[in-house]
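Engineer: My questions all concern the structure below.
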Amino acid sequence: ENCCKGVFGTPECPYIDVCVPTASPTQAPTVCTERKFHPNRGYTMCSNGYNYPPSWENPEIKDSYFHNTLEDCCKAVFN
């Protein structure tokens, strides 16, 4: 929460959670328990979607970009 206030001026960090249920179905089934949070391409929020550079999946740097929780992502990226 302090991280979000310092970076964004709000108590909640902006984020996109593609696993939140929506009114319309997705094109393909997804396994949300396996999704990790990462910064978006513009480093303005965290997301657990698939829109990120393929290079981030490089085993040598993967742990720097992908985080188990939204909170961990916000802390790592914006703190």
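In the numbering used here, the protein residues as written are 144 to 222.
Here a beta-carbon is modelled for each residue, glycine too, at the ideal position from N, C-alpha and C.
Report the rounded CA-to-CA distance for V161 versus K205, giving the unit in angstroms.
Structural biologist: Roughly 20 Å separates the two Cα atoms.
Engineer: In angstroms with no decimal places, state the Cα-to-Cα distance between E155 and R184.
Structural biologist: Cα to Cα, E155 sits roughly 20 Å from R184.
Engineer: When we look at the beta-carbon of N191 and count the other beta-carbons within 10 Å, is it buried (16 or more) or exposed?
Structural biologist: So N191 ends up on the buried side.
Engineer: Can you name the start and end residues of the alpha helix (DSSP H) that K179 belongs to?
Structural biologist: Looking at the DSSP string, K179 is not in any alpha helix (DSSP H), and its letter there is neither H nor E.
Engineer: Please report the residue range of the alpha helix (DSSP H) in which S207 lies.
Structural biologist: Residues 205–208.
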